[in-house]
Amino acid sequence: MNQVATNVRWHHATIGPEERAQRLGQRGVVVWLTGLSGAGKSTIAARVDALLHARGRHSYILDGDNLRFGLCRDLGFSPEDRAENVRRLGEAARLLQDAGLIVLVAAISPYREDRARVRERLPPGGFLEVFVDAPLAVCESRDPKGLYRRARAGEIAGFSGIDAPYEPPEAPDLHLTLVPHAPAGASSSAATPAGATSAVSPTIDATADASDDASIVRDRSVAAGATADDHAAAIVALLAARGLITPPAGT
(Lines of atoms letter the chains of each structure in order from A and count residues from 1; the text may use other names and numbers.)
(Lines give C-alpha, C1' and ligand atoms only; values in the text may rest on other atoms or scores of the structure.)
Protein backbone atom coordinates (compact mmCIF):
# COMPACT_ATOMS: atom_id res chain seq x y z
CA MET A 1 0.00 0.00 0.00
CA ASN A 2 1.32 3.44 -0.92
CA GLN A 3 1.88 5.76 2.01
CA VAL A 4 0.82 9.38 1.62
CA ALA A 5 3.75 11.73 2.10
CA THR A 6 3.46 13.97 5.14
CA ASN A 7 6.95 15.46 5.31
CA VAL A 8 6.44 17.92 2.44
CA ARG A 9 5.74 21.64 2.36
CA TRP A 10 4.78 24.17 -0.28
CA HIS A 11 7.63 26.37 -1.53
CA HIS A 12 6.50 29.82 -2.62
CA ALA A 13 8.06 31.37 -5.72
CA THR A 14 9.39 34.91 -5.85
CA ILE A 15 7.33 35.65 -8.95
CA GLY A 16 3.59 35.50 -8.33
CA PRO A 17 0.34 35.77 -10.31
CA GLU A 18 0.39 39.57 -10.50
CA GLU A 19 3.91 39.70 -11.92
CA ARG A 20 3.02 37.03 -14.47
CA ALA A 21 -0.19 38.84 -15.41
CA GLN A 22 1.73 42.04 -16.05
CA ARG A 23 4.35 40.26 -18.14
CA LEU A 24 1.82 38.27 -20.20
CA GLY A 25 -0.86 40.93 -20.47
CA GLN A 26 -3.56 38.52 -19.28
CA ARG A 27 -4.68 36.63 -16.20
CA GLY A 28 -4.39 32.88 -15.78
CA VAL A 29 -7.72 31.06 -15.88
CA VAL A 30 -9.07 27.57 -16.45
CA VAL A 31 -11.90 27.35 -18.98
CA TRP A 32 -13.47 23.95 -18.35
CA LEU A 33 -15.59 22.67 -21.25
CA THR A 34 -17.88 19.85 -20.15
CA GLY A 35 -20.48 17.96 -22.14
CA LEU A 36 -21.32 14.64 -23.71
CA SER A 37 -18.96 12.83 -26.06
CA GLY A 38 -19.40 14.34 -29.50
CA ALA A 39 -20.79 17.63 -28.20
CA GLY A 40 -17.90 19.54 -29.79
CA LYS A 41 -15.76 20.38 -26.76
CA SER A 42 -12.39 19.69 -28.39
CA THR A 43 -13.33 21.48 -31.60
CA ILE A 44 -14.51 24.55 -29.72
CA ALA A 45 -11.39 24.56 -27.53
CA ALA A 46 -9.22 24.49 -30.66
CA ARG A 47 -11.13 27.44 -32.11
CA VAL A 48 -10.75 29.43 -28.89
CA ASP A 49 -7.04 28.62 -28.82
CA ALA A 50 -6.68 29.96 -32.38
CA LEU A 51 -8.62 33.15 -31.61
CA LEU A 52 -6.52 33.84 -28.52
CA HIS A 53 -3.30 33.14 -30.43
CA ALA A 54 -4.37 35.65 -33.07
CA ARG A 55 -4.71 38.23 -30.31
CA GLY A 56 -1.26 37.50 -28.97
CA ARG A 57 -2.66 35.79 -25.86
CA HIS A 58 -1.13 32.69 -24.30
CA SER A 59 -3.32 29.59 -24.03
CA TYR A 60 -2.99 25.83 -23.89
CA ILE A 61 -5.42 22.95 -24.43
CA LEU A 62 -5.70 20.00 -22.07
CA ASP A 63 -7.85 17.47 -23.90
CA GLY A 64 -9.30 14.62 -21.87
CA ASP A 65 -8.53 12.05 -24.56
CA ASN A 66 -4.98 13.29 -25.09
CA LEU A 67 -4.09 12.99 -21.41
CA ARG A 68 -5.19 9.36 -21.41
CA PHE A 69 -2.18 8.66 -23.64
CA GLY A 70 0.20 9.69 -20.85
CA LEU A 71 -0.72 11.26 -17.50
CA CYS A 72 -3.94 9.24 -17.20
CA ARG A 73 -3.03 6.17 -19.22
CA ASP A 74 -3.49 3.91 -16.20
CA LEU A 75 -7.13 4.90 -15.67
CA GLY A 76 -10.31 3.29 -16.93
CA PHE A 77 -13.88 4.58 -16.96
CA SER A 78 -15.29 3.45 -13.64
CA PRO A 79 -16.74 6.25 -11.48
CA GLU A 80 -13.61 6.11 -9.32
CA ASP A 81 -11.26 6.28 -12.30
CA ARG A 82 -13.29 9.10 -13.84
CA ALA A 83 -12.98 11.04 -10.60
CA GLU A 84 -9.22 10.50 -10.54
CA ASN A 85 -8.98 11.45 -14.22
CA VAL A 86 -10.71 14.77 -13.54
CA ARG A 87 -8.57 15.35 -10.45
CA ARG A 88 -5.37 14.92 -12.49
CA LEU A 89 -6.71 17.14 -15.26
CA GLY A 90 -7.57 19.74 -12.66
CA GLU A 91 -4.15 19.65 -11.03
CA ALA A 92 -2.39 19.97 -14.39
CA ALA A 93 -4.69 22.85 -15.30
CA ARG A 94 -4.05 24.53 -11.95
CA LEU A 95 -0.30 24.54 -12.53
CA LEU A 96 -0.70 26.08 -15.99
CA GLN A 97 -3.16 28.63 -14.64
CA ASP A 98 -0.67 29.57 -11.93
CA ALA A 99 1.87 30.14 -14.70
CA GLY A 100 -0.50 32.73 -16.17
CA LEU A 101 -1.90 30.73 -19.08
CA ILE A 102 -5.49 30.53 -20.29
CA VAL A 103 -6.07 26.78 -19.94
CA LEU A 104 -8.75 25.22 -22.12
CA VAL A 105 -9.83 21.88 -20.69
CA ALA A 106 -12.04 19.72 -22.91
CA ALA A 107 -13.34 16.71 -21.00
CA ILE A 108 -16.67 14.98 -20.50
CA SER A 109 -16.11 15.17 -16.71
CA PRO A 110 -19.61 13.81 -16.06
CA TYR A 111 -19.94 14.39 -12.31
CA ARG A 112 -20.70 17.77 -10.74
CA GLU A 113 -18.84 16.92 -7.55
CA ASP A 114 -15.61 16.23 -9.45
CA ARG A 115 -15.84 19.51 -11.35
CA ALA A 116 -16.62 21.37 -8.11
CA ARG A 117 -13.46 19.98 -6.52
CA VAL A 118 -11.40 21.39 -9.38
CA ARG A 119 -13.02 24.82 -8.91
CA GLU A 120 -12.22 24.71 -5.20
CA ARG A 121 -8.52 24.16 -5.97
CA LEU A 122 -8.31 27.35 -8.02
CA PRO A 123 -8.32 30.97 -6.86
CA PRO A 124 -11.58 32.94 -7.02
CA GLY A 125 -12.37 33.76 -10.64
CA GLY A 126 -9.77 31.29 -11.87
CA PHE A 127 -12.25 28.65 -13.05
CA LEU A 128 -14.91 29.16 -15.72
CA GLU A 129 -17.27 26.25 -16.31
CA VAL A 130 -18.61 26.07 -19.86
CA PHE A 131 -21.44 23.65 -20.59
CA VAL A 132 -21.35 22.52 -24.23
CA ASP A 133 -24.99 21.52 -24.43
CA ALA A 134 -25.52 19.34 -27.48
CA PRO A 135 -28.51 16.98 -27.25
CA LEU A 136 -27.77 13.28 -27.02
CA ALA A 137 -29.41 12.69 -30.42
CA VAL A 138 -27.05 15.21 -32.02
CA CYS A 139 -24.00 13.67 -30.35
CA GLU A 140 -25.06 10.21 -31.50
CA SER A 141 -25.60 11.42 -35.04
CA ARG A 142 -22.06 12.80 -35.08
CA ASP A 143 -20.42 9.87 -33.24
CA PRO A 144 -16.93 10.79 -34.56
CA LYS A 145 -15.26 7.85 -32.79
CA GLY A 146 -18.03 5.30 -33.24
CA LEU A 147 -18.40 5.08 -29.46
CA TYR A 148 -22.16 5.52 -29.27
CA ARG A 149 -22.68 2.74 -31.78
CA ARG A 150 -20.45 0.45 -29.72
CA ALA A 151 -22.12 1.50 -26.46
CA ARG A 152 -25.58 0.78 -27.89
CA ALA A 153 -24.32 -2.61 -29.02
CA GLY A 154 -23.07 -3.40 -25.52
CA GLU A 155 -19.42 -3.38 -26.54
CA ILE A 156 -18.60 -0.45 -24.21
CA ALA A 157 -19.87 -0.27 -20.64
CA GLY A 158 -20.19 2.82 -18.47
CA PHE A 159 -20.62 5.26 -21.36
CA SER A 160 -21.82 8.71 -20.29
CA GLY A 161 -25.33 9.42 -21.52
CA ILE A 162 -26.06 5.78 -22.37
CA ASP A 163 -25.56 3.47 -19.38
CA ALA A 164 -23.68 5.91 -17.14
CA PRO A 165 -24.92 9.30 -15.91
CA TYR A 166 -23.92 12.74 -17.12
CA GLU A 167 -24.66 15.52 -14.64
CA PRO A 168 -24.96 18.86 -16.47
CA PRO A 169 -23.79 22.00 -14.66
CA GLU A 170 -26.50 23.69 -12.63
CA ALA A 171 -25.07 27.20 -12.94
CA PRO A 172 -22.28 27.28 -15.53
CA ASP A 173 -20.40 30.46 -16.26
CA LEU A 174 -21.40 29.96 -19.88
CA HIS A 175 -24.06 27.66 -21.33
CA LEU A 176 -23.49 27.03 -25.03
CA THR A 177 -26.59 25.90 -26.86
CA LEU A 178 -27.00 24.65 -30.41
CA VAL A 179 -29.38 26.36 -32.82
CA PRO A 180 -29.89 25.56 -36.50
CA HIS A 181 -28.61 27.89 -39.17
CA ALA A 182 -31.22 30.58 -39.75
CA PRO A 183 -32.85 30.46 -43.19
CA ALA A 184 -31.95 33.18 -45.66
CA GLY A 185 -33.60 36.46 -44.77
CA ALA A 186 -34.55 35.38 -41.25
CA SER A 187 -33.79 37.67 -38.34
CA SER A 188 -31.17 36.58 -35.83
CA SER A 189 -33.82 36.52 -33.08
CA ALA A 190 -35.62 33.71 -34.92
CA ALA A 191 -32.66 31.40 -34.34
CA THR A 192 -31.91 32.46 -30.77
CA PRO A 193 -33.87 31.20 -27.76
CA ALA A 194 -35.49 33.85 -25.58
CA GLY A 195 -33.09 35.23 -23.01
CA ALA A 196 -30.03 33.95 -24.85
CA THR A 197 -27.17 35.94 -26.27
CA SER A 198 -26.34 35.07 -29.85
CA ALA A 199 -22.67 34.71 -30.73
CA VAL A 200 -22.96 34.89 -34.49
CA SER A 201 -19.54 36.17 -35.54
CA PRO A 202 -17.40 33.27 -36.79
CA THR A 203 -14.21 35.22 -36.13
CA ILE A 204 -13.05 38.01 -33.84
CA ASP A 205 -10.66 40.68 -35.03
CA ALA A 206 -7.41 40.22 -33.14
CA THR A 207 -7.11 44.00 -32.87
CA ALA A 208 -10.66 44.57 -31.63
CA ASP A 209 -11.20 46.39 -28.37
CA ALA A 210 -12.32 44.32 -25.39
CA SER A 211 -15.51 46.38 -25.17
CA ASP A 212 -16.57 44.97 -28.55
CA ASP A 213 -16.51 41.48 -27.07
CA ALA A 214 -18.34 42.53 -23.95
CA SER A 215 -21.29 43.49 -26.15
CA ILE A 216 -21.59 39.81 -27.15
CA VAL A 217 -21.54 38.39 -23.63
CA ARG A 218 -22.19 40.73 -20.73
CA ASP A 219 -23.67 39.29 -17.56
CA ARG A 220 -25.71 36.69 -19.39
CA SER A 221 -24.70 33.06 -19.08
CA VAL A 222 -26.26 31.62 -22.27
CA ALA A 223 -24.88 31.86 -25.80
CA ALA A 224 -26.62 30.27 -28.76
CA GLY A 225 -24.82 29.38 -31.95
CA ALA A 226 -24.90 26.99 -34.87
CA THR A 227 -21.16 26.39 -35.26
CA ALA A 228 -18.03 25.85 -33.22
CA ASP A 229 -16.88 29.30 -34.36
CA ASP A 230 -19.99 30.87 -32.84
CA HIS A 231 -19.35 29.17 -29.53
CA ALA A 232 -15.63 29.95 -29.54
CA ALA A 233 -16.44 33.63 -30.08
CA ALA A 234 -18.76 33.52 -27.08
CA ILE A 235 -16.03 32.07 -24.86
CA VAL A 236 -13.51 34.70 -25.95
CA ALA A 237 -16.17 37.34 -25.32
CA LEU A 238 -16.69 36.01 -21.80
CA LEU A 239 -12.95 36.12 -21.13
CA ALA A 240 -12.86 39.72 -22.32
CA ALA A 241 -15.90 40.68 -20.26
CA ARG A 242 -14.23 39.24 -17.15
CA GLY A 243 -11.04 41.23 -17.86
CA LEU A 244 -8.93 38.11 -18.31
CA ILE A 245 -7.37 38.83 -21.70
CA THR A 246 -6.42 42.46 -21.21
CA PRO A 247 -3.31 43.77 -19.45
CA PRO A 248 -3.81 44.47 -15.73
CA ALA A 249 -4.26 48.11 -14.78
CA GLY A 250 -1.00 49.96 -14.44
CA THR A 251 0.92 47.98 -17.05
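The opening residue of the sequence shown carries number 0 in numbering that gives the first Met the number 0; numbering runs sequentially from there. Each residue gets a CB set at the ideal place from its N, CA and C atoms; glycine is no exception.
Closer than 7 Å: residue i CB and nearest the ligand FAD heavy atom
| i | result |
| --- | --- |
| D48 | With respect to the ligand FAD, the structure offers nothing, as it holds no ligand at all. |
Contact check, residue i vs residue j, beta carbons under 8 Å
| i | j | result |
| --- | --- | --- |
| S140 | P109 | no |
| T33 | P123 | no |
| G99 | Q25 | yes |
| L51 | I244 | yes |
Residue i - DSSP class collapsed to helix/strand/coil
| i | result |
| --- | --- |
| T42 | helix |
| I234 | helix |
| H57 | coil |
| L173 | strand |
| A248 | coil |
| V3 | coil |
| A227 | helix |
| A82 | helix |
| A163 | strand |
| D142 | coil |
| V178 | coil |
| E17 | helix |
| L23 | helix |
Where the beta strand (DSSP E) containing residue i begins and where it ends
| i | result |
| --- | --- |
| A222 | 221-224 |
| L32 | 28-33 |
Run of the alpha helix (DSSP H) containing residue i, from where it starts to where it stops
| i | result |
| --- | --- |
| L146 | 146-151 |
| G63 | 63-66 |
| R72 | Note, R72: premise wrong, no alpha helix (DSSP H); not H, not E. |
Same chain, Cβ closer than 6 Å to residue i, neighbours up to 5 away in sequence not counted
| i | result |
| --- | --- |
| L135 | G160 |
| P247 | A20, Q21 |
| D208 | Low confidence applies here, because D208 scores a pLDDT of 41, under 50, leaving its location unreliable and the question unanswered by this model. |
| L23 | H57, G99 |
Own chain residues within Cβ distance below 7 Å of residue i, not counting five before or after
| i | result |
| --- | --- |
| S220 | P171, D172, L173, H174 |
| E112 | none |
### Task
Taking only runs that begin and end inside the segment 87-139, name each unbroken alpha helix (DSSP H) of 4 or more residues, in chain order.
111-119
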